[in-house]
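These notes concern the structure reproduced below.
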Amino acid sequence: MTSRRTVMSTQNVTAAIDVLTFLKSRYNYQKLSRLFGIPQSTLVRYLHRKTAPRPRVAREILRRALELIRPEELVREYVAQDGDRGLIRLASDGQALKVLAYHAVGTFEGTRVMAAVNLDPPAIPLAVAFSLTTGCDLAIVNERPMCEVDKYICVTYRPESDFSSRHLWIPSFIKRYKDGVALFASSVSSPSPLTEFLTTIQNHGIKCSGIYSLYVREGIWNSIRFPVGCRRRAVLAER
934 MTSRRTVMST
944 QNVTAAIDVL
954 TFLKSRYNYQ
964 KLSRLFGIPQ
974 STLVRYLHRK
984 TAPRPRVARE
994 ILRRALELIR
1004 PEELVREYVA
1014 QDGDRGLIRL
1024 ASDGQALKVL
1034 AYHAVGTFEG
1044 TRVMAAVNLD
1054 PPAIPLAVAF
1064 SLTTGCDLAI
1074 VNERPMCEVD
1084 KYICVTYRPE
1094 SDFSSRHLWI
1104 PSFIKRYKDG
1114 VALFASSVSS
1124 PSPLTEFLTT
1134 IQNHGIKCSG
1144 IYSLYVREGI
1154 WNSIRFPVGC
1164 RRRAVLAER
């Protein structure tokens, strides 16, 4: 059986090459060589998939890339252009998601994460990227059940702008991850449905190891009562 450490090493190598590809759209080879201390000829081989960096080198590439890209600026680029629709476009940028997924890995370092879970549909690609990067399992939450309702845990909530109740459907197999799940959101601009989601999984004995949101309203974010021990990371927080 492949160990989780082996999976992480393999995915880090892939993520490092993807991140270099992302940065190549902003810098030339000469600049990249100076930034990373890697010969231009080696970078060319990496980006043309003729060779791959060793796991140790891949981790250093990813660490340095986060310093160069700054995840909050990456998210701000998309939000500034098109608001919430910008977050949807970000969800389709595979290379940017690799950067954010690795940033999330750092957020949850030292905590037990058995599965990645999305709070909203635009966060599904990020949860998938995190799952692939870490080797943890994946539980996709939907706005309607994809099969029999008894195979789901239903979260009922009421948005502030709506008088009618809405639902989120969590696969019931999430109960096997009681020791910790990581929750991913594209945006938290109101207490619902995050508050109801946290309460529901807590009532089922499931620990939320942490939540990673691309964009939040600072006042709302600070008003939410998170479970004890739940790590929180808002990539971009605005008033």
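Convert by adding 933 to the 1-based position in the sequence shown; the result is the number in our numbering. We put the CB at the ideal spot given by N, CA and C, even for glycine.
So for residue i, helix, strand or coil by DSSP?
i	result
threonine 954	helix
leucine 1101	strand
valine 1149	strand
asparagine 1051	strand
valine 946	helix
threonine 939	Bear in mind that the predicted position of threonine 939 carries a pLDDT of just 49, short of 50, making it too unreliable to give a figure here.
arginine 1165	strand
Looking at residue j and residue i, is the spacing between their C-beta atoms short of 7 angstroms?
i	j	result
proline 986	leucine 1020	no
leucine 1030	alanine 991	no
threonine 1040	tyrosine 1145	yes
glycine 1138	cysteine 1163	no
isoleucine 1057	isoleucine 1073	yes
valine 1168	glutamate 1005	yes
leucine 1116	leucine 1052	yes
phenylalanine 955	glutamine 1014	no
valine 1088	leucine 1071	no
serine 1122	arginine 1166	no
serine 1125	proline 1092	yes
Taking only the alpha-carbon atoms, compute the straight-line gap between residue i and residue j and give it to the nearest angstrom.
i	j	result
isoleucine 1002	tyrosine 1148	17 angstroms
proline 972	arginine 1009	32 angstroms
alanine 1170	alanine 1060	20 angstroms
isoleucine 994	glutamate 1000	10 angstroms
histidine 1036	threonine 1133	27 angstroms
serine 1105	serine 1064	18 angstroms
glycine 1152	tyrosine 1090	20 angstroms
leucine 976	arginine 1022	28 angstroms
valine 1082	arginine 1099	15 angstroms
proline 1160	isoleucine 1103	19 angstroms
leucine 953	asparagine 945	12 angstroms
threonine 1066	leucine 980	19 angstroms
alanine 948	leucine 1033	10 angstroms
arginine 1172	cysteine 1141	26 angstroms
tryptophan 1154	aspartate 1095	20 angstroms
threonine 939	lysine 983	Unreliable positioning characterises threonine 939 in this predicted model, as indicated by a pLDDT of 49, which lies under 50. The coordinate reading is nonetheless provided below. Each residue's alpha carbon lies about 21 angstroms from the other.
glycine 970	arginine 997	10 angstroms
lysine 957	asparagine 1136	47 angstroms
serine 1156	aspartate 1017	21 angstroms
proline 988	isoleucine 950	11 angstroms
threonine 935	valine 1038	Annotation note: pLDDT 49 at threonine 935 (below 50); position unreliable, coordinate value reported separately. Computed Cα separation, rounded: 20 angstroms.
serine 1025	tyrosine 1011	11 angstroms
lysine 1084	proline 1078	9 angstroms
cysteine 1069	arginine 978	30 angstroms
leucine 968	tyrosine 960	10 angstroms
alanine 1118	glutamate 1042	18 angstroms
Using a Cβ cut-off of 7 angstroms (strictly closer), state whether residue i contacts chain C.
i	result
glutamate 1042	Among the chains of the structure shown, chain C does not appear; only one protein chain is present.
Tell me whether residue i, by its Cβ, gets closer than 6 angstroms to a heavy atom of the ligand MG.
i	result
valine 1161	In the structure on display, the ligand MG does not appear, and there are no ligands present to speak of.
*asked:* What ranges does the beta strand (DSSP E) occupy inside the segment 1072-1145, keeping only unbroken runs of at least 3 residues that lie completely in it?
replied: 1085-1090, 1099-1104 and 1114-1121
*Pairing CB atoms from the segment 1108-1124 with CB atoms from the segment 1046-1055, are three or more of them under 8 angstroms?*
Verdict: yes, contact present.
_With a threshold of 8 angstroms, are at least 3 pairs of Cβ atoms found where one atom belongs to the segment 1126-1139 and the other to the segment 964-971?_
Put simply, the segment 1126-1139 does not touch the segment 964-971. Fewer than three CB pairs are less than 8 angstroms apart.
_Just to confirm the assignment: which complete alpha helix (DSSP H) runs, minimum length 4, are found wholly within the segment 973-1035?_
Secondary structure remark: continuous alpha helix (DSSP H) runs of at least 4 residues inside the segment 973-1035, in chain order: 973-980, 988-1002 and 1004-1023.
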